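Residue numbers for the sequence shown follow our numbering, beginning at 34 and rising by one.
Where is the CB? At the ideal position from N, CA and C, for every residue including glycine.
Everything numeric in this text was worked out from a predicted model, so none of it was measured.
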Amino acid sequence: MDRAKHMLELTQNESEIVSRLTVHPHRANIEPSFYEDFSLRGIHVDRIESEIVICTFKVPPRLVDRAGKLSPGAIANLVDEVGGAVVYKEALPMNVSVNISISYVSTAEVDLHFALHVGSLVFCFQVIFCCNKIDELEVSARLLGRKGSISTAAVLIKKKGTGEIVAQGRHTLFTKLASKI
């Protein structure tokens, strides 16, 4: 338990970074929320068909853990968002997730290193954040079926360069259908 608690604690530097974040009130349907902007910024929709959505996503440093691996929470978010997108139907109410199951098969990563630049006259220190390698992912969702107000999608996340599977997910959603009365 202590090890888990230690892994969740922020370092002093991380705490200072978080305390400087500015979060403005969300204006619904006008702009993305902080959550959407933070977790999905950089996703690119490559193809949309009636029952398929395919996206490309480069693993950003903001979504990796301390080891430089894409966090399981970020992977779950991709399954949730892209799986929900393939199920979405215009003019119907918002879908609600009923079940999400994910098999984490491999990892995606950002190879991080820090370079320290020292200024000559003023003794100015500058830390430069560098990425040697950034995995690019293909996130594809396919509608498995609809029955009444329940829809299910399969989501596959794989490395675009090698085809190696990072995760497989199944996302089941509920939509309140219009009354027939």
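Can you tell me whether DSSP reads A186 as helix, strand or coil?
Residue numbering aside, residue 186 sits at position 153 when the sequence shown is read from its first letter. Three-state DSSP puts A186 in a strand.
Under the three-state reduction of DSSP, which class applies to Y68: helix, strand or coil?
Here residue 68 is taken as the residue at index 35 of the sequence shown, counted from 1. Note: Y68 maps to helix in three-state DSSP.
Less than 9 angstroms between the beta carbons of S199 and A109, yes or no?
Taking the first residue of the sequence shown as position 1, residue 199 is located at position 166. Taking the first residue of the sequence shown as position 1, residue 109 is located at position 76. The amino acid occupying residue 199 in the given sequence is Val; Ser does not appear at that position. No, these two residues do not count as a Cβ contact at 9 angstroms.
Over what stretch of residues does the beta strand (DSSP E) that includes H77 continue unbroken?
Counting from 1 along the sequence shown, the entry for residue 77 is found at position 44. From DSSP, the beta strand (DSSP E) with H77 extends over H77 to I81.
Could you check if S136 is buried or exposed, using at least 16 other CB atoms within 10 Å of its CB as the buried criterion?
Numbered from 1 along the sequence shown, position 103 holds the residue referred to as residue 136. Under this definition S136 is an exposed residue.
If you measure between the beta carbons of E169 and V92, is that distance less than 9 angstroms?
Position 136 of the sequence shown holds residue 169. Position 59 of the sequence shown holds residue 92. In this structure, V92 lies closer than 9 angstroms to E169 by Cβ.
What residues match up with T89 in a beta bridge as DSSP calls it?
One-based indexing of the sequence shown puts residue 89 at position 56. Paired residues: H77 and E171.
Ordered along the chain, which non-local residues of its own chain (more than five positions away) have a Cβ less than 6 angstroms from that of S130?
The residue you call residue 130 lines up with position 97 of the sequence shown. These residues qualify, in order along the chain: L206.
Would you identify the three-state DSSP class for N46, choosing helix, strand or coil?
Within the sequence shown, the letter at position 13 stands for residue 46. DSSP places N46 in helix when its eight states are reduced to three.
Looking at the secondary structure, which residues open and close the alpha helix (DSSP H) in which I215 lies?
Coverage of the chain is limited to positions 34 through 214, which leaves residue 215 absent and any answer about it impossible.
Can you tell me whether V56 is buried or exposed? The criterion is at least 16 other CB atoms within 10 Å of its CB, across all chains shown.
Numbered from its first residue, the sequence shown carries residue 56 at position 23. That one is exposed.
Are there three or more Cβ pairs, one per stretch, closer than 8 angstroms when the stretch 45 to 56 is compared with the stretch 75 to 82?
As far as the Cβ criterion goes, the stretch 45 to 56 does not touch the stretch 75 to 82, which means the pair count is below three.
In angstroms with no decimal places, state the Cα-to-Cα distance between A37 and A124.
Here residue 37 corresponds to residue number 4 of the sequence shown, with the count starting at 1. Here residue 124 corresponds to residue number 91 of the sequence shown, with the count starting at 1. Roughly 44 angstroms separates the two Cα atoms.
Could you please give me the residues that DSSP links to I135 through a beta bridge?
If you number the sequence shown from 1, residue 135 lands on position 102. Paired residues: G202.
Kindly indicate the opening and closing residues of the alpha helix (DSSP H) around V112.
Position 79 of the sequence shown, counted from the start, is the residue given in the question as residue 112. Note, V112: alpha helix (DSSP H), P105 to V120.
What are the start and end residues of the alpha helix (DSSP H) that includes H39?
In the sequence shown, residue 39 corresponds to position 6, counting from 1. D35 to L41 is the extent of the alpha helix (DSSP H) around H39.
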